[in-house]
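Read through the structure below, which is laid out as structure tokens, and then see the notes.
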Ligand code: FPP
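Residue numbers (this note's numbering): 2 to 282.
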């Protein structure tokens, strides 16, 4: 089990519209960890006959707003899929360069606001493959927010879930070699979990924008029991109120983790199952 950080939030700072939705929520059942696949910047720009980079720039504004709302409602962990390993390989060089520049700008501008909202910034992904100037800015922002005790904001950068699992296996092997050799190697789910990137608990809720019904190599191990919420809204149109709507929807779900629902908790059913089995002996 990974460490659980608590965030008390500051709901007084929500907008009037956000407060109206928040009032329908059960504050004791805010998910601990929400992970978002931010999708649709390109389509948002296309629909306006604008170049794709305008969509990405607008997507950064959305990141700003959503991070702030999440911190205010007391979410403990927010993870954003900002840049997949596949984006890196499959997009034109100019778009990748633009996204890297945007990320550096975002970090520089955002640190004061993250500090005001008591947000600690972390990253997952093969960060060491990013350009040096980006890595430097990432380290700077991480250190500048390291003292914050509220929400943990994790940016997935040059991230791919299969690569993460491969890296976890490598890390398990290295740890075993340094600890008496692989003859003593014992592997279970908890060990695999602990060798994945980051220290956040598994997400309770995954949100995907722009209507695609895919998980796109995002946190494959960690979302085994997550609830999934897909909205047709394109990422630049997504707002704090949409995050709250997603959480309201999540609170209507019944999480069973492979068990039975509370309304059919097996009472009386064991007897009928036993008599059914007896009939077929
Ligand atoms: C998907 O839009 C989104 C991305 C490739 C990256 C998301 C990036 C941002 C929101 C901006 C940078 C983020 C930070 C934290 C600074 P898409 O281009 O795949 O959209 P499309 O599917 O409509 O083409």
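Just so it is clear, CB atoms sit at the ideal spot from N, CA and C, and this is done for glycine as well.
Residue range 78-85 is occupied by the beta strand (DSSP E) that includes residue 78, with no alpha helix (DSSP H) assigned at that position. Counting along the chain, the unbroken alpha helix (DSSP H) around residue 63 starts and ends at 53-73.
When the beta-carbon positions are compared, residue 139 and residue 128 come within less than 8 Å of each other.
Shown here for residue 199: same chain residues with a beta carbon closer than 7 Å to its own, the five before and five after excluded, namely 123, 125 and 155 in chain order. The alpha-carbon of residue 170 is positioned some 7 Å away from that of residue 193.
When DSSP states are grouped into helix, strand and coil, residue 245 belongs to the helix group. By the neighbour-count criterion, in which a residue is buried when 16 or more other Cβ atoms sit within 10 angstroms of its Cβ, residue 184 is exposed. Shown here, residue 144 sits in a helix according to DSSP, grouped into three states.
Here residue 136 has 128 and 129 as same chain residues with Cβ atoms under 8 Å from its own Cβ, once five neighbours each way along the sequence are excluded. Below 8 Å, too few C-beta pairs join the segment 141-153 and the segment 88-102 to call them touching: fewer than three.
For residue 103 and residue 66, the gap between their C-alpha atoms comes out near 16 Å.
Secondary structure of residue 160 (DSSP, three-state): strand.
For residue 80, the closest of 233, 261 and 224 by C-alpha to C-alpha distance is 224.
If the five residues before and after residue 108 are omitted, its C-beta is found closer than 6 Å to the C-beta atoms of 138 and 142, all from its own chain and listed in chain order. The Cβ atoms of residue 218 and residue 162 lie closer than 8 Å to each other.
Residue burial annotation: residue 175 is exposed, with fewer than 16 other C-beta atoms found within 10 angstroms of its C-beta. For residue 95, the enclosing alpha helix (DSSP H) starts and ends at 94-117. For residue 41, the CB falls within less than 7 Å of some heavy atom of ligand 1.
Around the beta-carbon of residue 251, 16 or more other beta-carbon atoms lie within 10 Å, marking it buried.
Going by DSSP, residue 228 is part of the beta strand (DSSP E) stretching over 228-231. Residue 34 is not a Cβ neighbour of residue 243, given a cutoff of 8 Å.
Taken through DSSP and simplified to helix, strand or coil, residue 48 comes out as helix.
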